[in-house]
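A short write-up of the structure that comes next.
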Amino acid sequence: MVVILVLLLVFSLGSSAEASPQKNNVSGTKRIQSTSGGSSDVRENIRCHIEQLEEDVALQIGREKVAFNALLADFYRSNDFSPVWVKRSQITELLEAIKSVEADGLSPQDYHLDGIQEFYDDAPSSPFLKARYELLLTDAMFKMSYHLLHGKVDPEKIDSNWNLSKGENGNGLVGSLGNALAGDSLSAVISTFRPSHPKYTSLKEGLARYRYIAAGGGWMSIPDGPTIKEPGQYDDRMPALRRRLEITGEIEEFALVDTSYASSALLYSDELMDAVKRFQARLGLDVDGAVGPKTLRALNVPVSRRIDQIRLNLDRYRWFIQKLEPTFLLVNIAGFTVQYVENWNYRWGSRVIVGEPYWKTPVFKADMQYIIFNPSWNVPPGILRKEALPAIKNNTGYLARNGLQVIDRSGRVVNPASINWASYSASSLPYRLRQPPGTRNALGRVKFMFPNKHLVYLHDTPSKHLFDKSTRAFSHGCIRLQNPLELAEILLGWGEDDVQDVIAAGKTRTVHLPQRIPIFLVYLTALVENDEVLFRDDVYDRDEAVLSALKEPYPYKTVESCTF
Numbered sequence: 357m358v359v360i361l362v363l364l365l366v367f368s369l370g371s372s373a374e375a376s377p378q379k380n381n382v383s384g385t386k387r388i389q390s391t392s393g394g395s396s397d398v399r400e401n402i403r404c405h406i407e408q409l410e411e412d413v414a415l416q417i418g419r420e421k422v423a424f425n426a427l428l429a430d431f432y433r434s435n436d437f438s439p440v441w442v443k444r445s446q447i448t449e450l451l452e453a454i455k456s457v458e459a460d461g462l463s464p465q466d467y468h469l470d471g472i473q474e475f476y477d478d479a480p481s482s483p484f485l486k487a488r489y490e491l492l493l494t495d496a497m498f499k500m501s502y503h504l505l506h507g508k509v510d511p512e513k514i515d516s517n518w519n520l521s522k523g524e525n526g527n528g529l530v531g532s533l534g535n536a537l538a539g540d541s542l543s544a545v546i547s548t549f550r551p552s553h554p555k556y557t558s559l560k561e562g563l564a565r566y567r568y569i570a571a572g573g574g575w576m577s578i579p580d581g582p583t584i585k586e587p588g589q590y591d592d593r594m595p596a597l598r599r600r601l602e603i604t605g606e607i608e609e610f611a612l613v614d615t616s617y618a619s620s621a622l623l624y625s626d627e628l629m630d631a632v633k634r635f636q637a638r639l640g641l642d643v644d645g646a647v648g649p650k651t652l653r654a655l656n657v658p659v660s661r662r663i664d665q666i667r668l669n670l671d672r673y674r675w676f677i678q679k680l681e682p683t684f685l686l687v688n689i690a691g692f693t694v695q696y697v698e699n700w701n702y703r704w705g706s707r708v709i710v711g712e713p714y715w716k717t718p719v720f721k722a723d724m725q726y727i728i729f730n731p732s733w734n735v736p737p738g739i740l741r742k743e744a745l746p747a748i749k750n751n752t753g754y755l756a757r758n759g760l761q762v763i764d765r766s767g768r769v770v771n772p773a774s775i776n777w778a779s780y781s782a783s784s785l786p787y788r789l790r791q792p793p794g795t796r797n798a799l800g801r802v803k804f805m806f807p808n809k810h811l812v813y814l815h816d817t818p819s820k821h822l823f824d825k826s827t828r829a830f831s832h833g834c835i836r837l838q839n840p841l842e843l844a845e846i847l848l849g850w851g852e853d854d855v856q857d858v859i860a861a862g863k864t865r866t867v868h869l870p871q872r873i874p875i876f877l878v879y880l881t882a883l884v885e886n887d888e889v890l891f892r893d894d895v896y897d898r899d900e901a902v903l904s905a906l907k908e909p910y911p912y913k914t915v916e917s918c919t920f
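For the sequence shown, my numbering begins at 357 and goes up steadily by one.
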């Protein structure tokens, strides 16, 4: 992402990063006029700063460190190193914009808020300090705008499978900001980089709601104790349980009367059980109304942790939300769901089963191209190496138990008893293992193909009972659909009878989609549905890395030796 950042934020330069300063120029950006009177000394300080940036070996080695500093260099070189912040009103706009990013879960301190505010309140007098003020303002403007557009955290550093950094959404950033400084509304331009998708704005509202709860003291932990299973039970923890659910809105608050010593306050009522079920549904737990260890742990997660969870997922949204197309499929791995959106309208959704933690489903984007009915299943290399071949070497009965055929390179079925399995490794095995179409096939009756290096696809499954589980991480990485035939009908424009006829024929058939459909496999542990903030377990333990990177101060190079 950082490499793309540098490429996108250097004014669409035609020359390479090694080009000489004289060859750099800005295309399509208005020239910004500076004021006279002492500006030459300020200009020399800016020039000195830029030259030292280019000579700093540490910055050249660290791509992330050099990214925004390289942007500064190209920007000021194109303006002959002249100051560009000539209107106090624009600085006021920038300060307000910096403060506003807190609502997006970003930290205003990443954009030099204190330093800029200090200079704003007490104008610098020396050329060196004026240059520093100038550079802080510009760095803050570009950095903040980019983070709103693409996220602060580099997703490729979190997961090397991420392939969404390339795109067109960042190409106009620098030109737009340059034009804003030349006369357009700066705050209006910066606001265009902030995601406006309803999912993002709703989660922002959720962040404000949870911060309001935190400001009011949050909630107290409910003590451990025996599972509360059904209405009619008495428990001393009932007032605390009710208050906890009142705070997050699962149940209406009592009138302001102390009922903590009334016997009815200790009763697990139908009303309170319904509130527990609403909480369980919002947290993706088993909706049984029982307050056992798992529900109690979820209730006792502190509000500060929920705020962090919302913040890091807002950044995850910024990674991809502005790259969505009007029609797309979106799989939320952490939420065990898939949604199909057509021309920006929700069309269909389903529960899914994703990879267990040992076989994590990767995060990436691809294009769905065709559907295979009555598919056969060839055991993929990873499963062959880690599971199938070791099991066969232990007992060849593994093949019959799983309905697997051994196929040689000519496509013939081979008797497994004729093979010396012990002499082969997964890489040297001259056979493949195939499960023919049928009721036992692991892929069920249909699979949806979006070619990718991970060999991941959506498919049916004969194991329908697993969809009743609240946590559905059971596969080897592919994504099992609860209602796959419905999706096939929608994507192909077929009727139910058309699909059933193809399946009943029993033959493998490939049908290409009328047009390719982008599919996004993402990982969101906080999102909003129907104005409710939903939280999901971090099944792959990915949240902490994102949160740590989100909290880490962003690098900025200062130069102290440019004095005249």
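Using N, Cα and C, we set each Cβ at its ideal position, and we do this for glycine too.
Helix, strand or coil for residue i per DSSP?
| i | result |
| --- | --- |
| Val902 | helix |
| Asn380 | Residue confidence is low: Asn380 scores 32 on pLDDT, short of 50, so the model does not pin down where it sits. Its coordinate-derived value is still stated next. Residue state, collapsed to three classes: coil. |
| Thr866 | strand |
| Asn401 | helix |
| Pro464 | helix |
| Asn527 | Residue placement at Asn527 is poorly supported in this model, since its pLDDT is 47, which falls under 50; the coordinates still yield a value, given next. Three-state DSSP puts Asn527 in coil, outside helix and strand. |
| Leu811 | coil |
| Ile775 | coil |
| Ser831 | strand |
| Tyr556 | helix |
| Met724 | strand |
| Ile763 | strand |
| Glu420 | Per-residue confidence for Glu420 stands at a pLDDT of 41, beneath the threshold of 50, marking its modelled position as unreliable; no derived number is given. |
| Glu606 | coil |
| Phe437 | coil |
| Pro746 | helix |
| Val770 | strand |
| Ser625 | coil |
| Arg741 | helix |
| Tyr787 | coil |
| Leu933 | In the structure as shown, the chain starts at 357 and stops at 920, and residue 933 therefore has no counterpart that could be examined. |
| Arg598 | helix |
| Phe964 | Coverage of the chain is limited to positions 357 through 920, which leaves residue 964 absent and any answer about it impossible. |
| Leu493 | helix |
| Tyr673 | helix |
State yes or no: is the C-beta of residue i within less than 8 angstroms of the C-beta of residue j?
| i | j | result |
| --- | --- | --- |
| Thr881 | Asn669 | yes |
| Tyr624 | Ile584 | yes |
| Arg872 | Gln725 | yes |
| Trp575 | Val442 | no |
| Trp356 | Ala782 | Past the edges of the chain, shown from 357 to 920, lies residue 356, and the structure says nothing about it. |
| Val708 | Val694 | yes |
| His468 | Leu492 | yes |
| Thr557 | Ile728 | no |
| Leu537 | Gln446 | yes |
| Ser831 | Val710 | yes |
| Asp626 | Pro582 | no |
| Ala496 | Ile546 | no |
| His815 | Gly800 | yes |
From this set, the options, which residue's C-alpha is nearest residue i's C-alpha?
| i | options | result |
| --- | --- | --- |
| Lys716 | Tyr780, Arg898, Leu641 | Arg898 |
| Leu520 | Leu877, Val902, Val440 | Leu877 |
| Arg600 | Val632, Ala429, Glu586, Glu474 | Val632 |
| Asp430 | Ala479, Thr494, Asp397 | Thr494 |
| Ser438 | Asp470, Gln446, Lys863, Glu490 | Glu490 |
| Val735 | Leu811, Ser481, Asn751 | Leu811 |
| Leu785 | Gln856, Arg765, Arg796 | Arg765 |
| Trp700 | Gln678, Ile775, Asp854 | Gln678 |
Of all the CB atoms in chain B, is at least one closer than 8 angstroms to the CB of residue i?
| i | result |
| --- | --- |
| Glu698 | Of the protein chains in the structure, only one exists, and it is not chain B. |
Taking DSSP's pairing of strands, which residues face residue i in a bridge?
| i | result |
| --- | --- |
| Phe823 | Paired residue(s): none; Phe823 is not in a bridge. |
| Ala882 | Phe891 |
| Thr693 | Asn688, Arg707 |
| Glu923 | Only positions 357 to 920 of the chain appear in this structure, which leaves residue 923 out of reach. |
| Leu837 | Val708 |
| Asn850 | The sequence shown places Trp at residue 850, rather than the Asn named in the question. DSSP, once it has assigned bridges, lists no residue as partnering Trp850. |
| Leu877 | Val687, Phe720 |
| Ile584 | Val647 |
| Tyr590 | Leu623 |
Q. If we count Cβ pairs, one from each stretch, closer than 8 angstroms, do we get three or more for the region 561 to 573 versus the region 591 to 598?
A. No: fewer than three Cβ pairs fall under 8 angstroms.
(Q) Any contact between the region 782 to 798 and the region 755 to 769? By contact I mean 3 or more CB pairs, one from each, below 8 angstroms. (A) Contact between the region 782 to 798 and the region 755 to 769 is present: 3 or more CB-CB pairs across the two stretches fall below 8 angstroms.
Q.
Taking 8 angstroms as the cut-off, does the region 898 to 908 touch the region 747 to 766 (at least 3 CB pairs, one atom from each stretch)?
A. Segments in contact, no.
**Q.** Three-pair Cβ contact test at 8 angstroms for the region 732 to 750 versus the region 539 to 547
**A.** The region 732 to 750, when compared against the region 539 to 547, does not touch it at the 8 angstroms Cβ threshold.
Q) Between the region 658 to 678 and the region 805 to 822, are three or more C-beta pairs nearer than 8 angstroms? A) Cβ pair count under 8 angstroms is below three, so no.
Q) Is it a yes or a no for the region 448 to 458 touching the region 500 to 516, going by three-plus beta-carbon pairs under 8 angstroms? A) Contact holds between the region 448 to 458 and the region 500 to 516, because three or more Cβ pairs, one in each stretch, are under 8 angstroms apart.
Q. So, do the region 842 to 854 and the region 635 to 647 have three or more beta carbon pairs nearer to each other than 8 angstroms?
A. The answer is no - the region 635 to 647 does not touch the region 842 to 854, with fewer than three Cβ pairs under 8 angstroms.
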